[in-house]
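Quick note on numbering: my numbering labels position 489 of the sequence shown as 473, and the sequence is numbered without any gaps.
Ideal Cβ positions, reconstructed from N, Cα and C, are used throughout, including at glycine.
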Amino acid sequence: MSYQVLARKWRPTDFSEVVGQEHVVKALSNALDQNKIHQAYVLSGTRGVGKTTIARILSKSLNCEKGLDSKPCHECPTCISISEGSFMDFQEIDAASSRGVDDTKQLLETVMYMPSSSRYKVYLLDEVHMLSPQSFNMLLKTLEEPPEHVIFILATTLPEKIPATVLSRCLQFNLKNLTPTQLKERLEVILKDEGISFDQGSISQIARAGRGSLRDCLTITDQAIAYCNGELTDEGISEMLGTLSFDHVNKLLASIVSHDAKALLLQLKEVSQLSIDYMRLMDLILETIQHLAVAQISPESLLDVDVKKEEIIALSDGLTLDEVQILYQIGLLAKRDMDLAPDIASGFEMALLRMLAFVPKEKNKEVYKKKPINSEVETIQGEEGSLKVNLMQGPESKISLEEEGSVEDLESSVKKIDAIEAEEGSIEESDVVKTNIQIDLSNWNDTFKLLDLDLGTKQLASHCSFVRTDDSVIYLSMPEEKLELFSGKHRQRLQESISIFLGHDCNVFFESGEISNQSPNKIKAAEKDKIKIEAENAIKEDPNVKILLDSLDGKIIDSSIEPRDSK
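Here it is in structure tokens:
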């Protein structure tokens, strides 16, 4: 017996075997069990999600010799004939090749005849959107009032091209794309039954390459079995698909996050020696950056995603919210413009180098930790700390420093820094530095301006309004939609920043509330509106402007007025 491809061999024969289309299966099963059969159905969805399969199972259920039921027997001649495609009363018609008026007329002539040996005569019109407008119009009357023994099933990938007059006469079922998890689970069952060895990385790649289509997944699996000689491995699938595994993608992004240009160039050189589909590789990078954004806002959401969560969370911790969005935008624009590069490999390389250029170096990044309370000590350390470090590094560093000043000056600077550090140490050890600063409603906006926060946290926290204080607990209110985005990482940074400002530890409690006019965001918006109104009044009252308007019979467009930036 000749080899049968997996997509045909494992085509579901019963509603219980259909994957990912529970909403369709449930509706059809209930209708069959209750004997409430509609006259026409529309099954829409992308390729390989089960449109033809569901139509065949429905035809079996309608005509099974053991009774009309949602579970056909698969043993009677009718069920076997439908499975083999030789049942006379189940006609599959390719609408793409039979789209003309004459073809539709010939079809309608056969509708009036009774079934030869079954309850219903079922017509499956595949790719029905390819019919001509005249053909659709010819079907309207028959679709609305067909003979009792006739049922139409219309399958299409483009339901928007079917006239509304046709859709209104049918029950519509939109089949979903399968998730990577669903595809992966189905592949595991099939490969185990087929006796094919595999690893998790290999079937994960195949599931992602299927892009929601089970048939595509099984077709790729057939190719993979031949390519890997019956042993599917992560590396083998990567070579076959012309892409990289997520481990390699994570390494590329890790080099960008850590600003390791040398490692990134070495990895790009290795990639260039492989037969890589750069467009697909950019898709994987964008997909991973999306996971980084999700990890920053809601890490628990990664539980439903087939990724290495620890690596994703570690990468996301090295970037701010703004930087993740910048990287994603760079990737999207690069994917659009890669074909314009001298060659697609250099376009991909430039995209990753552009990402590297837009991520600040690690030594310049803000690290969220408590700062010394004595601000004067901190300022001096910032200016002269690097001087001491360079001096202690070795003779070469010392020579470079001597070119700018004398050794005596450097030694005096080092002594000064040592004295400052000793003074700072005594302050920290004594632990007597306390402040009497109190936060209340009157000074919350001014206090917020002085807090040392990253841009993402500051933008979200600007919607907070002060409620009250209770001992060492500060209560803040925030609109519910903003509070959902204000994750634990942002809350911790805000609490640490307030503790540093006050000079002692405190706890911050967040409440869900209405939008307040006392929040920094609203106050800042009000100040901007006030400045703009003053600018508009100044322009309108300016005598020179009035003369110009009168002479030219003109008018002022308010939206064009912008206040000068105050410096």
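Do you know whose CA, among Met98, Gly472, Arg192, lies nearest Glu282's CA? Reading the sequence shown from its first residue, position 298 is the one you call residue 282. The residue asked about is misnamed: residue 282 is Ser in this sequence, not Glu. Ranking the options by Cα distance to Ser282, first place goes to Gly472.
C-alpha distance - Asn234 paired with Lys293, whole-angstrom precision: For the purposes of this step, residue 234 is identified with residue 250 of the sequence shown, where counting begins at 1. For the purposes of this step, residue 293 is identified with residue 309 of the sequence shown, where counting begins at 1. Looking at the two C-alpha atoms, the distance is approximately 11 Å.
Residues that Met72 bridges to, as DSSP identifies them: Here the question's residue 72 lines up with position 88 in the sequence shown. Met72 is not bridged by DSSP to any residue.
Are Ser45 and Asp73 touching if we call contact CB-CB under 8 Å? Stepping through the sequence shown from its first residue, residue 45 is reached at position 61. Stepping through the sequence shown from its first residue, residue 73 is reached at position 89. In this structure, Ser45 sits away from Asp73, with a CB-CB distance that is not shorter than 8 Å.
In three-state terms, what does DSSP make of Asn213? In the sequence shown, the residue the question calls residue 213 occupies position 229. DSSP places Asn213 in coil when its eight states are reduced to three.
Helix, strand or coil for Ser67? Go by DSSP, reduced to three states. The sequence position of residue 67 within the sequence shown is 83, counting from 1. Ser67 falls in the helix class under three-state DSSP.
Tell me which residue opens and which closes the beta strand (DSSP E) that Asn158 is part of. On the sequence shown, position 174 is the one that residue 158 refers to. According to the DSSP assignment, Asn158 belongs to the beta strand (DSSP E) that extends over 155 to 158.
Nonlocal neighbours in the same chain, by C-beta distance under 6 Å from Val391, ignoring five residues either side: The count along the sequence shown starts at 1 and reaches residue 391 at position 407. Residue placement at Val391 cannot be trusted, given a pLDDT of 43 that sits under 50; the coordinates are not used to answer.
Endpoints, the beta strand (DSSP E) within which Ser449 is located: Here the question's residue 449 lines up with position 465 in the sequence shown. Start and end: 449 to 454.
Expressed to the nearest angstrom, what Euclidean distance is found between the alpha-carbon atoms of Ala329 and Leu316? Here residue 329 corresponds to residue number 345 of the sequence shown, with the count starting at 1. Here residue 316 corresponds to residue number 332 of the sequence shown, with the count starting at 1. Going from the Cα of Ala329 to the Cα of Leu316 covers about 16 Å.
Where does Thr163 fall in DSSP's three states? Locating residue 163 in the sequence shown gives position 179, where the first residue counts as 1. Coil, per DSSP.
Could you tell me which of Tyr97, His113, Ser259, Thr(-3) sits nearest to Glu132, measuring between CA atoms? Here residue 132 refers to the residue found at position 148 of the sequence shown. Nearest option by C-alpha distance: Tyr97.
Going by the beta-carbon positions, is the gap between Ile484 and Cys490 smaller than 8 Å? Here residue 484 corresponds to residue number 500 of the sequence shown, with the count starting at 1. Here residue 490 corresponds to residue number 506 of the sequence shown, with the count starting at 1. Contact annotation: Ile484 and Cys490 have beta-carbon atoms that are not nearer than 8 Å.
Have a look at Thr141 and Lys246 and give me their C-alpha separation to the nearest angstrom. Indexing the sequence shown from 1 puts residue 141 at position 157. Indexing the sequence shown from 1 puts residue 246 at position 262. In this structure, the straight-line span from the alpha carbon of Thr141 to that of Lys246 is close to 47 Å.
Euclidean distance between Cα positions of Ser43 and Ile66: Position 59 of the sequence shown, counting from 1, holds the residue named residue 43. Position 82 of the sequence shown, counting from 1, holds the residue named residue 66. For Ser43 and Ile66, the distance between alpha carbons rounds to 8 Å.
Helix or strand or just coil, what does DSSP make of Ile569? The chain is shown only over -15 to 551; residue 569 falls outside these bounds and no answer can be derived.
Please report the straight-line C-alpha distance between Pro(-4) and Ile260, rounded to a whole angstrom. One-based indexing of the sequence shown puts residue -4 at position 12. One-based indexing of the sequence shown puts residue 260 at position 276. Using only the alpha carbons, I get a separation of about 35 Å.
Using only CA atoms, which one of Tyr312, Leu198, Ala509 lies nearest to Gly29? Within the sequence shown, the letter at position 45 stands for residue 29. The option with the nearest alpha carbon to Gly29 is Leu198.
Which word fits Lys355, buried or exposed, when buried means at least 16 other C-beta atoms lie within 10 angstroms of its C-beta? For the purposes of this step, residue 355 is identified with residue 371 of the sequence shown, where counting begins at 1. Unreliable placement is indicated for Lys355, whose pLDDT of 38 sits below 50; the coordinate value is still reported in the next sentence. By the Cβ-count criterion, Lys355 is exposed, with fewer than 16 other Cβ atoms from all chains shown falling within 10 Å of its own Cβ.
Alpha-carbon to alpha-carbon, Thr36 and Ser119: As a working note, residue 119 is residue 135 in the sequence shown. As a working note, residue 36 is residue 52 in the sequence shown. The C-alpha of Thr36 is placed about 22 Å away from the C-alpha of Ser119.
Quick one: grab the DSSP three-state call for Ser285. Counting from one through the sequence shown, the residue named residue 285 turns up at place 301. Correct three-state label for Ser285: helix.
Bridge partner(s) assigned by DSSP for Met462: Mapped onto the sequence shown, residue 462 falls at position 478. Listed as beta-bridge partners of Met462 by DSSP are Ser496.
How long is the line joining the alpha carbons of Ala238 and Arg338, rounded to whole angstroms? As a first step, residue 238 must be located in the sequence shown, where it is residue number 254. As a first step, residue 338 must be located in the sequence shown, where it is residue number 354. A straight line joining the alpha-carbon of Ala238 with that of Arg338 spans about 15 Å.
Per DSSP, what are the beta-bridge partners of Ala24 in this structure? Position 40 of the sequence shown, counting from 1, holds the residue named residue 24. Phe136.
Along the chain, where does the beta strand (DSSP E) that runs through Leu108 open and close? Locating residue 108 in the sequence shown gives position 124, where the first residue counts as 1. Leu108 -> beta strand (DSSP E) spans 105 to 110.
Which residue spans inside the segment 267 to 320 form an unbroken alpha helix (DSSP H) run of at least 4? Scanning the segment 267 to 320 from its first residue to its last, the whole alpha helix (DSSP H) runs of 4-plus residues come out as 293 to 301.
Could you tell me how far apart the beta carbons of Gly4 and Lys160 are, in whole angstroms, since I believe they sit closer than 8 Å? As a first step, residue 4 must be located in the sequence shown, where it is residue number 20. As a first step, residue 160 must be located in the sequence shown, where it is residue number 176. 6 Å between Cβ atoms; contact.
Starting from the Cα of Leu439, find the closest Cα among Glu464, Arg477, Gln207 and give me that residue. If you number the sequence shown from 1, residue 439 lands on position 455. The shortest Cα separation from Leu439 among Glu464, Arg477, Gln207 belongs to Arg477.
I'd like to know whether the C-beta atoms of Val457 and Glu495 end up nearer to each other than 8 Å. Start at 1 with the first residue of the sequence shown, and residue 457 comes out as number 473. Start at 1 with the first residue of the sequence shown, and residue 495 comes out as number 511. In this structure, Glu495 does not lie closer than 8 Å to Val457 by Cβ.
My understanding is that Met266 touches Ala318, with C-beta atoms under 8 Å, so please give their C-beta distance in whole angstroms. By one-based count along the sequence shown, residue 266 stands at place 282. By one-based count along the sequence shown, residue 318 stands at place 334. Contact between Met266 and Ala318 is confirmed by a C-beta separation of about 7 Å, below the 8 Å threshold.
Could you work out which residue in Leu437, Lys433, Gln502, Leu305 is closest to Leu460 when comparing CA atoms only? Your numbering for residue 460 matches position 476 in the sequence shown. Among Leu437, Lys433, Gln502, Leu305, the Cα nearest to that of Leu460 is on Gln502.
Alpha carbon to alpha carbon, what distance is there between Ile545 and His447? Here residue 447 refers to the residue found at position 463 when the sequence shown is read from its first residue. Here residue 545 refers to the residue found at position 561 when the sequence shown is read from its first residue. Ile545 has its alpha-carbon roughly 27 Å from the corresponding atom of His447.
Please check the pair Asp108 and Glu128, which I expect to be a contact at CB under 8 Å, by giving their CB distance rounded to whole angstroms. Position 124 of the sequence shown, counted from the start, is the residue given in the question as residue 108. Position 144 of the sequence shown, counted from the start, is the residue given in the question as residue 128. A small fix is needed here, since residue 108 is Leu in this sequence, not Asp. In fact, because the Cβ distance is near 19 Å, the residues do not count as touching under 8 Å.
Does the count of Cβ pairs from the segment 206 to 217 and the segment 12 to 21 closer than 8 Å reach three? By the Cβ criterion, the segment 206 to 217 is not in contact with the segment 12 to 21, since fewer than three pairs of Cβ atoms, one from each stretch, lie closer than 8 Å.
What does DSSP give as the partner residue(s) for Glu78 in the beta ladder? Translated into the one-based positions of the sequence shown, residue 78 becomes position 94. Note that residue 78 is Asp in the sequence shown here, rather than Glu. Looking at the DSSP output, Asp78 shares a beta bridge with Asp110.
Euclidean distance between Cα positions of Leu305 and Ile297: The residue you call residue 305 lines up with position 321 of the sequence shown. The residue you call residue 297 lines up with position 313 of the sequence shown. Roughly 13 Å separates the two Cα atoms.
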